[in-house]
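Quick note: the sequence shown, position 47, residue 46 per numbering that gives the first Met the number 0, numbers continuous.
A virtual CB, placed ideally from N, CA and C, is assigned to each residue, including glycine.
Treat the numbers as computed from the prediction; the structure is a model and nothing was measured.
To start, the structure itself, in structure tokens.
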Amino acid sequence: MSRQTNIQFSNEIQALKDTRSTIITNQNDNINSTINYPPYIQTILKIEKQVDGNIIINGMTKESGTETKKLLEIPNGNISRLKDAIQYGGSFRAKDVRENQTQKENNKDSHIHVDNFKEYIHLIMPSINNNADSSSSYYYTNYIINGDNLLRIISNL
């Protein structure tokens, strides 16, 4: 596994995860929307620092619990801005590196939203599906992470 040789340090953090969906339909100039709020599930995110200094955030796969799936990449030069966003609040954009995303979705940045209290960080991963029946489905996988723990892990990598 050549990917393993690029990893300098890694650590794990607990998170809550949900996948929300909004379906918007347009029929006869009537626009309807349906929003689904599923329950949160507990999961683990693995945070890795690569030899080049970039940070990769991986999600643990549900099937095995030991394999990871890449979610985000934070370039070495942006890590201090991420720390500031965690400490002082705000939003931070990171490169979406999920597999099996359409080209249109890959051009989007995912957001790490940090509320003003820095207690919990919301990592929001969007995707859009345009359906043949003139409807669009918007999916948001949302991870909620303790901000102090995330800041400690990133600072120690």
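Of the choices the options, whose alpha-carbon is the least far from that of residue i?
| i | options | result |
| --- | --- | --- |
| residue 150 | 28, 136, 80 and 96 | 80 |
| residue 142 | 34, 25, 56 and 30 | 56 |
| residue 155 | 36, 33 and 52 | 52 |
| residue 87 | 70, 74, 69 and 120 | 120 |
So, residue i versus residue j, is the Cβ gap smaller than 8 Å?
| i | j | result |
| --- | --- | --- |
| residue 43 | residue 11 | yes |
| residue 95 | residue 124 | yes |
| residue 72 | residue 93 | yes |
| residue 122 | residue 144 | yes |
| residue 18 | residue 140 | yes |
I'd like to confirm the pairing. Which residues does DSSP put opposite residue i in its beta bridges?
| i | result |
| --- | --- |
| residue 98 | DSSP output for residue 98 lists no bridge partner at all. |
Using three-state DSSP, classify residue i as helix, strand or coil.
| i | result |
| --- | --- |
| residue 146 | helix |
| residue 0 | Unreliable positioning characterises residue 0 in this predicted model, as indicated by a pLDDT of 40, which lies under 50. The coordinate reading is nonetheless provided below. Three-state DSSP puts residue 0 in coil, outside helix and strand. |
| residue 79 | helix |
| residue 137 | strand |
| residue 53 | coil |
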